[in-house]
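Per my numbering, the sequence shown runs over residues 1011 to 1515. Glycine included, every Cβ here is placed at the ideal spot set by N, Cα and C.
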Amino acid sequence: MNKMHKINIDGQTIEVKPRQEVKPRRHGTTKPTRDDKKTVLEVAKSAGIFIPSLCYYPGLTPYGGCRLCIVQIEGMKGLPTACTTPTEDGMVIKTNTEELQNLRRQVFEFILSEHNKTCTTCAKNLRCELQTLAAYLGVDTLTLPYIEKRPAVYNNEPFFDRDYNLCILCGRCVRVCEEIRKNSAVDFTFRGIDTVPGTMFDLQFTGTGLSNRLQNSDCEFCGACVDICPTGALIEKDFRESAFLDKTVTTICPYCGVGCPIKLEIKDNKIIRTIPDLEGPVNYGQLCVKGRFGIKDFVHHPKRLTKPLTRLTSDGKQLTEFREVSWDEALNLIAEKFSKYKGDEFAVISSAKCTNEENYVIQKFARTIMGTNNIDHCARLCHAPSVAGLAQTLGSGAMTNSINEIADASCIFAIGTNTTSAHPVIGLKIKGAVRNGAKLIVANPRKIDLCRFADIFLQHRPGSDVALLMGIMRIIVDEGLFDREFIETRCENFEVFKESLNNFN
């Protein structure tokens, strides 16, 4: 075991895990695993030592663009940035000298010279990282003139607005889109004082009359850029009350089966916005457009039913229109109807929009109270074949690997799925695996988003899935491309399976 390295930060001795040997990934690709050597900034944060920064964000490649995290290191020339400097054994670091603070104030003033001073009316007021650092550095007056950017504001997107007069060019949005979301929908455009994050061939600046809309790019409106923007440059539409919330509730996104943890920000018993849970064990702070921007609208939609409706009068006569009734009247009516049916006369169909606990209660009611096993679920209509196949081959009608293991796969074969649409966060895991060196094979009758990342795209005819799979397995068996030891020790009826391939060539 390697000896722990010791560094000294502002007189505090900290033990740091030493550099690990970089090895190839276990599936044999040439791309190495990420070096776990921590930077000065990461070590300082873990020790509770504050070093100001704006461009740094956990999980993104160190950028060193804002120059606020400069430190003094004995024996090292200049003032290196803490976010890009790896730790070494015996380092002696100073983070809070008067020289450093004066330089940080000067750099900070340059940043503010291109930032609109509308803090009190900004939607990010009181939760802006720029405000926090201004208070920390003691910057309350400016000596540099303000430089306004034109055109600056874009409010033609469906979910959030962009105000380039509030942009500080930290690059977080550009890096999260490229490194974590794997879309690269935005990048820095133009040069010098005109530099702003934008889309390729930023049309509005060319004088063509066409609008610079993210909808014309590869943007998925996942909201990751909005979540990590330190200022109000990227802000959700109709969101101005974030600093005055009543509470924040942690729950699970109801849209698909991935089960992403989310946080609902509540005011006056109403959802103000939805944000991802940064500690979520499935999504790790990432969501899709539905989970990020779609929950508030359907929960509080004016056409959503909030009271029971019936076409019966109180004495049982039929009406032509629905009328509102109390919950007691509705439940009594349901109980009366249910009492007429028992056993196999009764059946229940539950919904995928219900929680697992609610679906459990539904089936428990059907079996124990109504005495029937006639229970169905809307997801079975499309999922039944895969459940049956998995149960027959693997002994369970569910996946035998965790979602997080996908990112470490060496080869992924995706057939009959539009993953980035049906389960977007799993699609993100697949893209991450490709970025780490995995091979991706997509078989689909139509071209889907994953095809952009695939090494091989097989566009077979609809209904020919079985023929395709059996043909692939025939080649694997004929050319001996399978793991014989695995087959002998882990599988049954291989000879029967091998014989079934004779009809496919």
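Contact check, residue i vs residue j, beta carbons under 8 Å
i, j, result
"residue 1280", "residue 1254", "no"
"residue 1428", "residue 1451", "no"
"residue 1112", "residue 1020", "no"
"residue 1051", "residue 1125", "no"
"residue 1127", "residue 1156", "yes"
"residue 1419", "residue 1443", "yes"
"residue 1185", "residue 1234", "no"
"residue 1439", "residue 1466", "no"
"residue 1072", "residue 1094", "yes"
"residue 1104", "residue 1081", "yes"
"residue 1242", "residue 1132", "yes"
"residue 1171", "residue 1247", "yes"
"residue 1293", "residue 1266", "no"
"residue 1119", "residue 1152", "yes"
"residue 1360", "residue 1393", "no"
"residue 1182", "residue 1065", "yes"
"residue 1189", "residue 1070", "yes"
"residue 1047", "residue 1096", "yes"
"residue 1158", "residue 1224", "no"
"residue 1015", "residue 1268", "no"
Proximity winner among the options, relative to residue i (alpha-carbon distances)
i, options, result
"residue 1083", "1100, 1067, 1073", "1100"
"residue 1283", "1249, 1155, 1293, 1261", "1249"
"residue 1344", "1320, 1353, 1364, 1361", "1320"
"residue 1463", "1475, 1097, 1430, 1482", "1430"
"residue 1470", "1426, 1460, 1446, 1327", "1426"
"residue 1424", "1138, 1401, 1385, 1448", "1448"
"residue 1121", "1238, 1139, 1414, 1108", "1139"
"residue 1380", "1136, 1355, 1297", "1355"
"residue 1154", "1130, 1123, 1168, 1163", "1123"
"residue 1513", "1505, 1499, 1481", "1481"
"residue 1384", "1358, 1375, 1400", "1358"
"residue 1336", "1351, 1353, 1316", "1316"
"residue 1511", "1226, 1014, 1483, 1365", "1483"
"residue 1180", "1074, 1395, 1049, 1497", "1074"
"residue 1059", "1018, 1227, 1116", "1018"
"residue 1441", "1422, 1061, 1456, 1406", "1422"
"residue 1301", "1262, 1193, 1109, 1501", "1262"
"residue 1275", "1259, 1290, 1286", "1259"
"residue 1143", "1089, 1240, 1165, 1098", "1240"
Residue(s) in a DSSP beta bridge with residue i
i, result
"residue 1360", "1387"
"residue 1421", "1449"
"residue 1283", "1275"
"residue 1468", "1453"
"residue 1019", "1022, 1103"
"residue 1049", "1096"
"residue 1344", "Paired residue(s): none; residue 1344 is not in a bridge."
"residue 1173", "1163"
"residue 1121", "DSSP lists no partner for residue 1121."
Which of helix, strand or coil DSSP assigns to residue i
i, result
"residue 1146", "helix"
"residue 1314", "coil"
"residue 1168", "coil"
"residue 1087", "coil"
"residue 1163", "strand"
"residue 1155", "coil"
"residue 1512", "helix"
"residue 1259", "strand"
"residue 1475", "helix"
"residue 1488", "helix"
"residue 1459", "helix"
"residue 1080", "strand"
"residue 1376", "helix"
"residue 1427", "coil"
"residue 1502", "coil"
"residue 1129", "helix"
"residue 1441", "helix"
"residue 1395", "helix"
"residue 1032", "At residue 1032, the pLDDT of 44 sits below 50, so the modelled position is not reliable; the number obtained from the coordinates is stated separately. Of the three classes helix, strand and coil, the one that applies to residue 1032 here is coil, per DSSP."
"residue 1056", "helix"
"residue 1408", "coil"
"residue 1042", "With a pLDDT of 38 at residue 1042, under the threshold of 50, the modelled position of that residue is not reliable, and the figure given next carries that caveat. Of the three classes helix, strand and coil, the one that applies to residue 1042 here is strand, per DSSP."
"residue 1264", "coil"
"residue 1483", "helix"
Any chain B beta carbon closer than 8 Å to residue i
i, result
"residue 1089", "Judged by its chain identifiers, the structure shown contains no chain B, having just a single protein chain."
beta-carbon residue i near the ligand GDP non-hydrogen atom, thresh 7 Å
i, result
"residue 1076", "Looking for the ligand GDP in the displayed structure turns up nothing, as the structure carries no ligands at all."
Checklist entry - Can you list the alpha helix (DSSP H) stretches of 4 or more residues lying completely in the segment 1180 to 1248, in chain order? => result Listed in chain order, they are 1182 to 1185, 1234 to 1238.
Item to check | alpha helix (DSSP H) runs wholly inside the segment 1291 to 1337, at least 4 long, in chain order | outcome: Taking only runs of at least 4 residues, the alpha helix (DSSP H) segments lying wholly in the segment 1291 to 1337 are 1299 to 1303, 1305 to 1309.
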